[in-house]
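Undergrad: Residue numbers (this note's numbering), protein chains in the order written: chain A, 812 to 907; chain B, 739 to 937.
(1) Cα-Cα, which of B/903, B/931, B/866 is closest to residue 920 of chain B?
(2) Taking the alpha helix (DSSP H) that residue 760 of chain B belongs to, which residues open and close that run?
(3) Select from the segment 818-845 of chain B all residues with a C-beta closer than 7 Å to any C-beta belonging to chain A, and list them in chain order.
(4) What distance in whole Å lies between the Cβ atoms of residue 805 of chain B and residue 841 of chain B, which are believed to be in contact at a cut-off of 8 Å?
(5) Please name the residue or residues paired with residue 831 of chain A in a DSSP beta bridge.
(6) Please list the residues of the segment 855-889 of chain A that have a C-beta atom closer than 7 Å to any C-beta atom in chain B, keeping them in chain order.
(7) Check the Cβ of residue 770 of chain B against every Cβ in chain A and list those closer than 7 Å, keeping chain order.
(8) Can we say the segment 824-835 of chain B touches the segment 793-808 of chain B, given the rule of at least three CB pairs closer than 8 Å?
(9) Is residue 754 of chain B helix, strand or coil when you go by DSSP?
(10) Kindly say whether residue 786 of chain B, judged by its beta-carbon, lies nearer than 8 Å to any beta-carbon of chain A.
(11) Excluding five sequence neighbours on each side, which residues of the same chain lie with their C-beta closer than 7 Å to the C-beta of residue 758 of chain B?
(12) Along the chain, where does the alpha helix (DSSP H) that runs through residue 879 of chain A open and close?
(13) Quick one: what does DSSP say residue 775 of chain B is sitting in, helix, strand or coil?
(14) Going by Cα to Cα distance, which pick from A/828, A/884, A/855, A/843 is closest to residue 834 of chain A?
(15) Report yes or no: do the segment 852-871 of chain B and the segment 907-927 of chain B share at least 3 C-beta pairs separated by less than 8 Å?
(16) Less than 8 Å between the beta carbons of residue 791 of chain B and residue 817 of chain B, yes or no?
(17) Give the residues of chain A in contact with residue 884 of chain B, contact being defined as C-beta atoms less than 7 Å apart.
(18) Please decide whether residue 783 of chain B counts as near chain A, where near means a Cβ-Cβ distance under 8 Å.
(19) Quick check on residue 781 of chain B: does DSSP put it in helix, strand or coil?
(20) May I ask which residues mark the beginning and end of the alpha helix (DSSP H) holding residue 801 of chain A?
(21) Exposed or buried, residue 888 of chain A, counting other C-beta atoms within 10 Å across all chains shown (16 or more means buried)?
(22) Have a look at the DSSP bridge pairing and note the partners of residue 769 of chain B.
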């Protein structure tokens, strides 16, 4: 199966204006958790740093499947939820 | 009249050095350990899609016999990632995985058996009926440990919650084998484990 990809082009050097913490789990929070585990703020920073316009996702759930870290090693993520309830409050949500 | 001596069915066998440990210490595996606040995570130096599964996956399965850190951790997480992202690269490798699985189970080490059972559950969900021809090689040791449940009366058995109770894990694994194994799965399981009841 071909995994779904998101095709939004990264804008050059966008910085967030504010930040707050997640209170409740959702699909977006799960993806943010995965990006932050790999050392990025969110999908926008990942695309800026890695100069890619797509992120590999699981077609069934839409969660991020694979990310390349800044040291060029790869992190692989499960199809199902990985962010436990006790980790949700650590996820940062950036507002642009 | 004294009874016969113990046969030693539950006795732990001595462990031999594994090929996984040898290859890991040589630096042949494309993996790195990364510590984060949640625990340890495995970072891959090459993409899993580019790995030679026929070479790597049996070696990782060989590492199931390990109990020491970081060997046990790398083997367990490495197998998990490779099974999760392997797709149809796993099917041709199955015959080469049976020997390491049998070796791990035959050690009769509780920790190794728990980890191997969880790996088997993941494997059977991934490959389905392709594992059925090998049931008769994998199941004999499970028959020995099937009733290894703790009788704690009205006390709380925390190993159940942590998924370390061998009796329960074996039951879960057999149910997964039956659900994912197709029509002949139940018959094969019942042949090796006569006390198993269908789910």
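From the three backbone atoms N, C-alpha and C, an ideal C-beta is built for every residue, glycine too.
TA: Let me lay it out:
(1) B/866
(2) 757-764
(3) 819, 822, 823
(4) Actually they do not touch by this definition, with Cβ atoms about 14 Å apart.
(5) A/904
(6) Within the segment 855-889 of chain A, the residues whose Cβ lies closer than 7 Å to some Cβ of chain B are 880, 884, 885, 886, 887, 889, listed in chain order.
(7) 884
(8) Of all C-beta pairs linking the segment 824-835 of chain B to the segment 793-808 of chain B, three or more are shorter than 8 Å, placing the two stretches in contact.
(9) coil
(10) Closer than 8 Å: yes.
(11) The beta carbon of residue 758 of chain B is closer than 7 Å to those of 797, 798, 800, 801, 804, 809, 813 in its chain, skipping five residues each way along the sequence.
(12) Careful: residue 879 of chain A lies outside any alpha helix (DSSP H), inside the beta strand (DSSP E) at 877-879.
(13) Here residue 775 of chain B scores only 49 on pLDDT, less than 50, and its place in the model is too uncertain to base an answer on.
(14) Nearest of A/828, A/884, A/855, A/843 to residue 834 of chain A, Cα basis: A/843.
(15) yes
(16) no
(17) Neighbours of residue 884 of chain B on chain A: none; closest Cβ ~28 Å, over 7 Å.
(18) yes
(19) strand
(20) The displayed coordinates of chain A run from 812 to 907. Any statement about residue 801 of chain A would go beyond what the structure contains.
(21) buried
(22) B/782
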